[in-house]
Amino acid sequence: MTPGWALWFTGLPGCGKSTIARAVRGELAARGVAVEYFSMDERRKSYFLHPDYSAEERARSYTLFAEEAAGLTAAGRNVILDATAYRLAMRQEARERIARFAEVLVRCPLPEAMRREAVRSMQAAHGPQHKGYVMPGMYQKALERRRTGVAVPGLGQVVGVDVPYEENPDAECVLDALRPVEENARRVLEFLDGWLPGLPPEDEDAA
């Protein structure tokens, strides 16, 4: 059996990786390519009923995340992974387990990620909250916690404020979060076309 592949979208919370990942999945579906979509925000609560976002829990979550993806690809299925995984070692664990693995780094300035997360928080406050969404306003709350020293119940270490995000200098595909979603999705698809010989081509009539 030919193993499936895994494409991990990573970057700061609020960088837009989920939007790009879903756009890529939609384009692949239009080509007839079946792809599973795994979001850590959603999968975490299947691993831990009441997550506390501690360093230990995060490490265990990413091990389970990598194991799930490895099982799928070993069975010949393809999977898009959508998760920050702020430590490079977390992504490397998946890379070591999965034969066909590539990383998509969505590079975003921290102030822009904070701005986007604030907008997302406002949207969540005025409508159904995104399933699995960690905590609205987490950047602002983390900054306030750091300033005052007052704990925020349910808020673990926030990537970009409390702990740094570790970029992979060898990521297979690097995107600029300030570019339009459609352009970034196109770049990922172009990468996939070169990385995966035999991938069904885009329907030119639909382009």
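Numbering (my numbering), first residue to last: -18 to 188. Glycine residues also receive a C-beta, built at the ideal position from the N, C-alpha and C atoms.
Query                                                                                                                                                                                 : Result
Please check the pair Pro181 and Gly57, which I expect to be a contact at CB under 8 Å, by giving their CB distance rounded to whole angstroms.                                       : Going by Cβ atoms, the distance from Pro181 to Gly57 rounds to 16 Å, so no, they are not a contact pair.
Just confirm the distance between the C-beta atoms of Thr0 and Ala66, as a whole number of angstroms; I'd bet it's less than 8 Å.                                                     : Not really, about 18 Å apart at Cβ, beyond 8 Å.
Out of Leu91, Glu77, Lys26, which one is the CA nearest neighbour of Pro145?                                                                                                          : Leu91
Give every residue of the same chain whose Cβ lies closer than 6 Å to the Cβ of Arg6, excluding the five residues on either side of it in the sequence, and list them in chain order. : Val16, Tyr18, Ile61
So is Glu84 buried or exposed if we call it buried at 16+ other beta carbons inside 10 Å?                                                                                             : buried
For the structure I just gave you, are there three or more beta carbon pairs, one from the segment 123 to 130 and one from the segment 36 to 55, closer than 8 Å?                     : no
Run through the DSSP bridge pairs and tell me what Ile61 is partnered with.                                                                                                           : Leu(-12), Tyr18
If I follow the unbroken alpha helix (DSSP H) through Leu9, where does it start and stop?                                                                                             : -2 to 11
On the DSSP bridge assignment, give the partners of Asp157 in chain order.                                                                                                            : Arg88
Compute the beta-carbon to beta-carbon distance between Asp157 and Arg88, rounded to the nearest angstrom, for a pair I have assumed lies under 8 Å.                                  : 6 Å
One question on the structure: do Asp63 and Gly137 come within less than 8 Å of each other, judged by their Cβ atoms?                                                                 : no
Short check: CB of Glu147 to CB of Arg39, under 8 Å?                                                                                                                                  : no
Mind checking whether Trp(-14) and Ala75 have CB atoms under 8 Å apart?                                                                                                               : no
Of the residues Leu9, Ala11, Ser42, Ser35, which one's Cα is nearest the Cα of Tyr25?                                                                                                 : With the sequence shown as reference, residue 25 is identified as Arg, and Tyr is not the correct amino acid for it. Per the Cα distances, Ser42.
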